[in-house]
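Engineer: If you're matching them up, the sequences are chains A and B in order. Residue numbering for the first sequence is 1 to 159, as defined by our numbering. Residue numbering for the second sequence is 160 to 332, as defined by our numbering. Built from N, CA and C at the ideal position, the CB exists for glycine as well. To start, I am sharing the structure in question, which I have written as structure tokens.
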Amino acid sequence: MKEHAEASMLSAYLDGELMPDERPGIESHLALCGSCREELETLRNAKQVLAGAPRREIPPELIAKLEGRFLRPSWWSVFKSSLLLPRVWVPAGAMGLVATLLLGVWIGWRQFRAPELLPLEALLAAHSRYVAEGLVSHGGLATSNFSAQLALFHTDEEG
Amino acid sequence: MRRHGDKAYNFAYRLSGNESDARDLVQEAFSRAFEHRDRYDSSRPFEAWLIRILHNIYLDGVRRYEKSHVVSIDAPSPIEDAGWEEILPSPDSEPIDAAIQKERDHMVQNALKRLPVHYRTAVTLCDIEGLSYERIGQVMACPVGTVRSRIHQGRLMLKKTFQELSEKRQVKS
């Protein structure tokens with residue numbers, strides 16, 4: 001066995017970077033050599049001091065600058081960010097309010113307006129059928145007894 | 160982008176020793192990475208490539224940086240009287256006082272500045288950034304054996320620095 005372990009192997013052992021065939025030799029040496037154990041402890045302390053140093057985060061304005069320069073924003077991120085702007089959501093909100101009011105007025109108008117007139121196509125089709133069946137004369141709609149037949153027709157349709 | 164930026168910035172700060180140079184290094188590294196993006200091998204991690212670019216930029220300008228940011232070995236440190244037990248991270252999980260953290264940061268930075276750049280790079284990438292020896296070898300363009308040696312030598316130099324500080328403390332007391 002060597003008097004002491006090869007120096008750089010101690011750091012590699014500490015970092016878990018030894019080759020599989022190197023590890024048993026170092027571990028058996030460390031079990032017997034107080035000097036190398038002491039050296040390993042010193043290296044461990046140096047590593048811990050560096051690892052415990054606070055990390056510096058990139059300043060926000062620098063990352064914003066880099067992103068602005070090197071990243072093209074997606075349409076979704078543009079859309080999301082634009083939603084936060086008052087110049088977008090204030091007019092959009094006003095338009096939504098107006099649209100809601102108009103919808104309410106339209107629904108109200110539909111409910112309270114006069115009963116719907118009969119559809120012309122159905123009227124003509126029924127007239128043609130009643131003429132063909134001889135139920136009404138060939139005259140104009142206004143002069144026939146169409147109204148009574150039409151009432152029956154609608155009763156049948158609904159039934 | 161932020162994750163890469165944080166990593167690059169922290170490394171640049173430890174390498175250059177100040178925020179102003181760290182900003183310049185990061186900006187230049189991103190610019191060059193963008194400019195030469197066709198050379199990026201997507202099978203490898205982008206971070207290592209970016210850090211390698213940053214490291215090369217630093218080496219290119221190392222004389223200018225070293226001239227303007229020389230730190231004397233005798234320069235006073237806020238905690239130059241500290242021993243291992245005082246500068247090692249606290250083992251418990253209680254929040255460390257901000258002032259102590261700041262002092263530790265200052266001490267680490269001063270100690271790193273005293274290392275030659277290759278050793279500083281190796282220990283920073285290993286112990287601060289947590290890169291494997293293989294990745295460090297890619298960044299520094301050297302074999303893993305060289306990385307191993309530089310990390311070890313770098314740690315021994317740090318040890319020596321801290322011993323000097325401890326001796327100063329004993330002389331003063």
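When Cβ atoms are compared, which residues of the stretch 39-52 of chain A fall closer than 8 Å to chain B?
Structural biologist: Here the close residues are T42, L43, N45, A46, K47, Q48, V49, L50, A51 and G52.
Engineer: Using three-state DSSP, classify S291 (chain B) as helix, strand or coil.
Structural biologist: Translated into the one-based positions of the second sequence, residue 291 (chain B) becomes position 132. Looking at S291 (chain B) - three-state DSSP - the assignment turns out to be coil, as it is neither helix nor strand.
Engineer: For S252 (chain B), count neighbouring Cβ atoms within 10 angstroms of its own Cβ and tell me buried if that reaches 16, exposed if not.
Structural biologist: Within the second sequence, residue 252 (chain B) is the residue found at index 93, counting from 1. Note that S252 (chain B) scores a pLDDT of 46, beneath 50, so its modelled location is shaky; the value from the coordinates is reported in the next line. S252 (chain B) should be labelled exposed.
Engineer: Could you confirm whether any beta carbon from chain B is found closer than 8 Å to the beta carbon of A7 (chain A)?
Structural biologist: For the purposes of this step, residue 7 (chain A) is taken as residue 7 along the first sequence, with counting starting at 1. By this cut-off, A7 (chain A) is an interface position.
Engineer: Can you have a look at F79 (chain A) and say buried or exposed, based on whether 16 or more other CB atoms are within 10 angstroms of its CB?
Structural biologist: The residue labelled residue 79 (chain A) in the question sits at position 79 within the first sequence. Looking at its Cβ environment, which holds fewer than 16 other Cβ atoms inside 10 Å, F79 (chain A) is exposed.
Engineer: Using the beta-carbon count (16 or more within 10 Å), is D21 (chain A) buried or exposed?
Structural biologist: As a first step, residue 21 (chain A) must be located in the first sequence, where it is residue number 21. Answer is exposed; the Cβ neighbour count stays below 16.
Engineer: To be precise: take each residue of the stretch 302-321 of chain B, compare its Cβ to all Cβ atoms of chain A, and keep it if any distance is under 7 Å. Which residues remain?
Structural biologist: Listed in sequence order: R307, S308, I310, H311, R314, L317 and K318.
Engineer: With a threshold of 8 Å, are at least 3 pairs of Cβ atoms found where one atom belongs to the stretch 279-297 of chain B and the other to the stretch 184-196 of chain B?
Structural biologist: As far as the Cβ criterion goes, the stretch 279-297 of chain B does not touch the stretch 184-196 of chain B, which means the pair count is below three.
Engineer: Taking CB distances under 8 Å as the criterion, tell me whether I58 (chain A) reaches chain B.
Structural biologist: For the purposes of this step, residue 58 (chain A) is taken as the residue at position 58 of the first sequence. It does: the Cβ of I58 (chain A) has a partner Cβ on chain B nearer than 8 Å.
Engineer: Does the count of Cβ pairs from the stretch 34-44 of chain A and the stretch 262-276 of chain B closer than 8 Å reach three?
Structural biologist: These segments do not touch.
Engineer: DSSP on I160 (chain A), reduced to helix/strand/coil?
Structural biologist: Residue 160 (chain A) lies beyond the range of chain A shown here (1 to 159); nothing can be said about it.
Engineer: Smallest Cα separation from M160 (chain B): which of A:R56, A:A51, A:L66 and A:L120?
Structural biologist: Counting from one through the second sequence, the residue named residue 160 (chain B) turns up at place 1. Here the closest residue by C-alpha is A:L66.
Engineer: Is any beta-carbon of chain B found at less than 8 Å from that of R55 (chain A)?
Structural biologist: One-based indexing of the first sequence puts residue 55 (chain A) at position 55. Interface residue, yes.
Engineer: List the residues of chain B whose Cβ lies closer than 7 Å to the Cβ of E67 (chain A), in chain order.
Structural biologist: On the first sequence, residue 67 (chain A) is found 67 positions in, with the first residue counted as 1. Within chain B, the residues near E67 (chain A) are M160.
Engineer: Could you spell out the range, first to last residue, of the alpha helix (DSSP H) harbouring A94 (chain A)?
Structural biologist: Translated into the one-based positions of the first sequence, residue 94 (chain A) becomes position 94. First-last of the alpha helix (DSSP H) with A94 (chain A): P86 to F112.
Engineer: How many Å lie between L32 (chain A) and R44 (chain A) at the Cα?
Structural biologist: Along the first sequence, one-based indexing puts residue 32 (chain A) at 32. Along the first sequence, one-based indexing puts residue 44 (chain A) at 44. Roughly 19 Å separates the two Cα atoms.
Engineer: Would N269 (chain B) count as contacting chain A if we go by Cβ distances under 8 Å?
Structural biologist: Within the second sequence, numbered from 1, the residue matching residue 269 (chain B) stands at position 110. For N269 (chain B), the answer is no, since every Cβ of chain A falls outside 8 Å of its Cβ.
Engineer: Going by Cα to Cα distance, which pick from B:S201, B:V306 and B:R263 is closest to T51 (chain A)?
Structural biologist: The residue labelled residue 51 (chain A) in the question sits at position 51 within the first sequence. For the record, residue 51 (chain A) in the displayed sequence is Ala; it is not Thr. That would be B:R263, whose Cα lies nearest to the Cα of A51 (chain A).
Engineer: If you count every other CB in all the chains shown that lies within 10 Å of the CB of T100 (chain A), and 16 or more means buried, which is it?
Structural biologist: In the first sequence, counting from the first residue as 1, residue 100 (chain A) sits at position 100. Classification of T100 (chain A): exposed, given that the 10 Å Cβ count is below 16.
Engineer: Could you list which residues in chain B have their beta carbon closer than 8 Å to that of I26 (chain A), in chain order?
Structural biologist: One-based indexing of the first sequence puts residue 26 (chain A) at position 26. Those within 8 Å of I26 (chain A) in chain B number zero; the least Cβ separation is about 13 Å.
Engineer: Give the DSSP-derived three-state secondary structure of M160 (chain B) in the structure shown.
Structural biologist: As a position in the second sequence, residue 160 (chain B) is number 1, starting the count at 1. Looking at M160 (chain B) - three-state DSSP - the assignment turns out to be coil, as it is neither helix nor strand.
Engineer: What's the gap between the Cα of L290 (chain B) and the Cα of S81 (chain A)?
Structural biologist: By 1-based counting over the second sequence, the position of residue 290 (chain B) is 131. By 1-based counting over the first sequence, the position of residue 81 (chain A) is 81. Looking at the two C-alpha atoms, the distance is approximately 36 Å.
Engineer: How would you list, in chain order, the residues of chain A whose beta-carbon sits under 8 Å from the beta-carbon of R127 (chain B)?
Structural biologist: Because chain B is modelled from 160 through 332, residue 127 (chain B) falls outside the range shown and cannot be assessed.
Engineer: How about R173 (chain B) and Q297 (chain B): are their beta carbons less than 8 Å apart?
Structural biologist: Locating residue 173 (chain B) in the second sequence gives position 14, where the first residue counts as 1. Locating residue 297 (chain B) in the second sequence gives position 138, where the first residue counts as 1. No, these two residues do not count as a Cβ contact at 8 Å.
Engineer: Using a C-beta cutoff of 8 Å, does N177 (chain B) count as contacting chain A?
Structural biologist: Start at 1 with the first residue of the second sequence, and residue 177 (chain B) comes out as number 18. So, not an interface residue.
Engineer: Can you tell me whether K47 (chain A) is buried or exposed, with buried defined as 16 or more other CB within 10 angstroms of its CB?
Structural biologist: Position 47 of the first sequence, counted from the start, is the residue given in the question as residue 47 (chain A). It is buried - the Cβ of K47 (chain A) has at least 16 other Cβ atoms within 10 Å.
Engineer: Mind checking which residues open and close the alpha helix (DSSP H) that includes C36 (chain A)?
Structural biologist: For the purposes of this step, residue 36 (chain A) is taken as the residue at position 36 of the first sequence. Taken as a continuous stretch (DSSP letters only), the alpha helix (DSSP H) holding C36 (chain A) covers G34 to A51.
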